[in-house]
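Sequences listed follow chains F and C, in order.
Residues -7 to 337, numbered by the working numbering, are exactly what the first sequence covers, in order.
Residues -7 to 337, numbered by the working numbering, are exactly what the second sequence covers, in order.
Note that beta-carbon positions come from the ideal geometry of N, C-alpha and C, so glycine has one too.
For reference, the structure is listed below as structure tokens.
2 protein chains.
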Amino acid sequence: MANDSIPLSGRPAPTLASVAQRVGVSVNTVSRALRAPQTVRPELKRRIDAALEELNYVPNRLAGGLAGTRSNVVGVVVTSLFYSEFAAVVDTLQTQLLQHDLQVMLGNSRYDLQEEQRLVRALLSWRPAAMAIIGVDHHPGATDLLRASGVPTVEMWDICGEPIDSAVGMDHEAIGRAQAEHLIACGYRHLAFVGSVRAADTRARKRAGGAAAVIEAAGLSPLAVETSPEGGNPSLGERLLAALLAEHPEIDGIICNSDAVAYGVLRGLEAAGRRVPEDCGVIAFGDPEASAYMRPALTTVRPSRETIGRVSAETILARIAGEAPRRVSVDWSLQHRQSTRPARA
Amino acid sequence: MANDSIPLSGRPAPTLASVAQRVGVSVNTVSRALRAPQTVRPELKRRIDAALEELNYVPNRLAGGLAGTRSNVVGVVVTSLFYSEFAAVVDTLQTQLLQHDLQVMLGNSRYDLQEEQRLVRALLSWRPAAMAIIGVDHHPGATDLLRASGVPTVEMWDICGEPIDSAVGMDHEAIGRAQAEHLIACGYRHLAFVGSVRAADTRARKRAGGAAAVIEAAGLSPLAVETSPEGGNPSLGERLLAALLAEHPEIDGIICNSDAVAYGVLRGLEAAGRRVPEDCGVIAFGDPEASAYMRPALTTVRPSRETIGRVSAETILARIAGEAPRRVSVDWSLQHRQSTRPARA
DNA sequence: TGACAGAAAGTGAGCGCTAACGCAACGCTC
DNA sequence: GAGCGTTGCGTTAGCGCTCACTTTCTGTCA
Chain F
-7 MANDSIPLSG RPAPTLASVA QRVGVSVNTV SRALRAPQTV RPELKRRIDA
43 ALEELNYVPN RLAGGLAGTR SNVVGVVVTS LFYSEFAAVV DTLQTQLLQH
93 DLQVMLGNSR YDLQEEQRLV RALLSWRPAA MAIIGVDHHP GATDLLRASG
143 VPTVEMWDIC GEPIDSAVGM DHEAIGRAQA EHLIACGYRH LAFVGSVRAA
193 DTRARKRAGG AAAVIEAAGL SPLAVETSPE GGNPSLGERL LAALLAEHPE
243 IDGIICNSDA VAYGVLRGLE AAGRRVPEDC GVIAFGDPEA SAYMRPALTT
293 VRPSRETIGR VSAETILARI AGEAPRRVSV DWSLQHRQST RPARA
Chain C
-7 MANDSIPLSG RPAPTLASVA QRVGVSVNTV SRALRAPQTV RPELKRRIDA
43 ALEELNYVPN RLAGGLAGTR SNVVGVVVTS LFYSEFAAVV DTLQTQLLQH
93 DLQVMLGNSR YDLQEEQRLV RALLSWRPAA MAIIGVDHHP GATDLLRASG
143 VPTVEMWDIC GEPIDSAVGM DHEAIGRAQA EHLIACGYRH LAFVGSVRAA
193 DTRARKRAGG AAAVIEAAGL SPLAVETSPE GGNPSLGERL LAALLAEHPE
243 IDGIICNSDA VAYGVLRGLE AAGRRVPEDC GVIAFGDPEA SAYMRPALTT
293 VRPSRETIGR VSAETILARI AGEAPRRVSV DWSLQHRQST RPARA
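Following this line, the structure appears as structure tokens:
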């Protein structure tokens, strides 16, 4: 909270000036040798490189960024990282950007809109070349800051809504519809939506909304909803399932907001004596590696995490290069496994 | 790879000078109003705050860092992020540090020592207040850079070896010993080590080494080893298990390098007609949420990821505050579940 | 031989901020 | 009312680098 005192470390690091002095050239020449080597005589370049090496020179990006007209920072804001699907997105994104000499600065808002705004501010204070952020529904202040900054911004994971600039993600309403349609096609009739839904998790709401719309159109009983603002883990799944069954014993098809929650739901159903998929179908969203190895193997929707990361990186590079904003819809697929019955012909 | 051209965005951002001009005070006064509010008249402070708000001022950390004697960046180097245990460590670390106004800059070396050195260089170029890095076995160049920089450095996850500065982690040899001892206590006699072992993953080697030592001391047949440099996932587990059983059909106890690999091993054993835990025991390392929900539930070693993240953050803060380097051994626990037999009395 | 490109290196200003110092205005003491 | 510390703000000097501009050097050709 406080602006703690942070003294810089030990002895002063070598500067361009100290390298220049050692070689007997001007600071500018050393700078050029680093930034535009072809403008410096090969022999001089060699001597400069030697001095750089000898002094163990590490450039000062603060000075470089302040003086120059370019920045090589990309600010990234995620809503969670802990064993989350976003970890894979950030991983891919970071790796791709680093190949273009762009450094990722990471922030985790923990599904807190206030924190999100703070983070956007903090990251913008580094004058980044671009920003990437999970979702399209932000704290209005954060949106304003991003717009006002003029920094190219890529919103990831979700493309439903008015993007600030570019968006790379999925249509979560469509995913929700597909989940409900799948359960209905398998013959389930009394559906529920179960899981952790944080205040700022609008994607979950969009999926639930999509499912509810399909159910209404099919004339079935309305979607039962059992959610909690707690983090999504298997134990929450067990608890939510118990509450759900107590209130709606007729439920025979469950959409879980995440695979982790589904693991608990599967066990809860077993404990309640309901067979999966015969008595009750379960479909989720996420598909980490473990899901295919569960018993029963979990039917779920798999987002293309690497694709989102890669395309986001491409979009960032394109925007930095001056190209127009993009809006990219990224594929996802329904993995039909053992936790739902075969679809009826 | 190339140093692409990265033009900065749109209209120039407001500076302290523009705020100062609007209020009719000097630049320094505005700076003071931000950094040391008590040194400025309350009424003036209010007017400055109003102007700050109006112009939507975002401080320029590049300039601040260059001019000042403190930095608020912490460089963090991990070896992987994708659904990895390090995600949780980074998550906790980042959250804790942010409360002290420290920004995390993230790098992912993907278990590549060369890349690790590049990352350390890149992060040091931001003149960070501290560095955090996974492991204690680095590229010698990286170690030199860190030492020479004088920046407080916390090595995380592993404490076996000579730390550069501070270390917060586990004794992986001890974990390997515990894994082997557990299998032996359960009555398994022909043990193997299976998993993905990347070139730079010395922690895995230490665990395997610890297990081998216990086995030798117990006078059992030597530890069979079946590893691959590929990333650790269930499908690799299935393949490695097949290779292992082909070569060593007598195996009855398997130490997996990660839980993800163990999922594949469990299924492979089932396919090979070996009952778990009756015919073959399986123990792993990691314990993501899914492991307790596998069938059979996976016996595994659970590191205290949040503790490592939290203690690392504390150590960083302490080092920044001038306290001495620390070396903290963090707890882990063996989760005895269904994939190993009950231990013999 | 002199003029003249073009390449190679140097000069000077300034990016936006912080920090040490300076100095007026005020209240307090004796 | 002279002396003195305090408060509250301005002045000045950089931090280490980049960039536009200028100067010097090198080689070519009339």
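Against Gln86 of chain F, the close residues of chain C are Leu73, Leu98, Gly99, Asn100, in the order they occur along the chain (beta-carbon pairs closer than 9 Å).
Neighbours of Met286 of chain C in chain F, taken as residues at a C-beta separation under 8 Å, are given in chain order as Ala282, Tyr285, Met286, Arg287. Contact between the region 128 to 143 of chain C and the region 275 to 290 of chain C is not established, with fewer than three Cβ pairs separated by less than 8 Å.
For Thr291 of chain F, the secondary structure class from DSSP, reduced to helix, strand or coil, is strand. Val293 of chain C places its beta carbon 8 Å or farther from that of Ile156 of chain C. Here Ser72 of chain C is near Asn100 of chain C, since their CB atoms are less than 8 Å apart. With the rule of 3 Cβ pairs closer than 8 Å, the region 8 to 15 of chain F counts as touching the region 44 to 62 of chain F. Spanning the alpha carbons of Tyr103 of chain F and His131 of chain F requires a straight line of approximately 11 Å. Contact between Ser331 of chain C and Pro288 of chain C holds, with the beta-carbon distance rounding to 5 Å and staying under 8 Å.
Residue contact check for Leu233 of chain C against chain F: no CB pair falls below 8 Å.
Here DSSP, grouped into helix, strand and coil, assigns Gln330 of chain F to coil. Taking a cut-off of 8 Å on C-beta distances, the region 168 to 184 of chain C does not touch the region 120 to 135 of chain C, as fewer than three cross pairs fall below it. Cα atoms of Val160 of chain C and Ser325 of chain C: separation of roughly 16 Å, rounded to the nearest angstrom. In this structure Ala254 of chain C is in contact with Gly229 of chain C, their Cβ atoms being roughly 6 Å apart against a cut-off of 8 Å. By the neighbour-count criterion, in which 16 or more other beta carbons inside 10 Å mark a residue as buried, Asn249 of chain C falls on the buried side.
Residue pairing by DSSP leaves Trp118 of chain F without any beta bridge partner. Each residue's CA atom was taken as its position, placing Thr135 of chain C and Pro120 of chain C some 16 Å apart. For the region 250 to 271 of chain C, the set of residues with a beta-carbon nearer than 9 Å to any beta-carbon of chain F comprises Asp251, Ala252, Tyr255, Gly256, Leu258, Arg259, in chain order. Segment contact: the region 296 to 312 of chain C against the region 76 to 88 of chain C, three or more CB-CB distances shorter than 8 Å; contact assigned.
The continuous alpha helix (DSSP H) containing Arg27 of chain C extends over residues 19 to 27.
The C-alpha of Ala238 of chain F lies about 36 Å from the C-alpha of Thr84 of chain C. DSSP places Leu98 of chain C inside the beta strand (DSSP E), whose first and last residues are 95 to 100. Per DSSP, Val143 of chain C is not a residue of any beta strand (DSSP E), being assigned neither H nor E. Counting the other Cβ atoms within 10 Å of the Cβ of Gly314 of chain C gives fewer than 16, which makes it exposed. With a contact defined as Cβ atoms closer than 8 Å, Leu36 of chain F and Val66 of chain F miss out at about 34 Å.
Against chain F, a Cβ distance below 7 Å from Leu58 of chain C picks out Leu54, Ala55, Leu58. The C-beta of Val50 of chain C comes closer than 8 Å to at least one C-beta of chain F. Taking 8 Å as the CB threshold, Ser23 of chain C stays off the interface with chain F. Fewer than three beta-carbon pairs drawn from the region 11 to 25 of chain F and the region 21 to 38 of chain C are found closer than 8 Å, and the two stretches are therefore not classed as touching. DSSP links Arg336 of chain C through a beta bridge to no other residue.
Rounded to whole angstroms, the gap between the alpha carbons of Cys272 of chain C and Tyr180 of chain F is 39 Å.
For Gly202 of chain F, the uninterrupted alpha helix (DSSP H) run begins and ends at 194 to 209, by DSSP. For Ile247 of chain F, the CB contacts under 6 Å within the same chain, skipping 5 residues up- and downstream, are Gln171, Phe185, Ala203, Ile275 in chain order. Going by DSSP, Arg319 of chain C is part of the beta strand (DSSP E) stretching over 319 to 321. Per the C-alpha coordinates, the member of F:Val112, F:Met148, F:Arg110, F:Leu115 positioned closest to Gly127 of chain F is F:Met148. Proximity of Trp118 of chain C to chain F, defined by a Cβ-Cβ separation below 8 Å, is satisfied.
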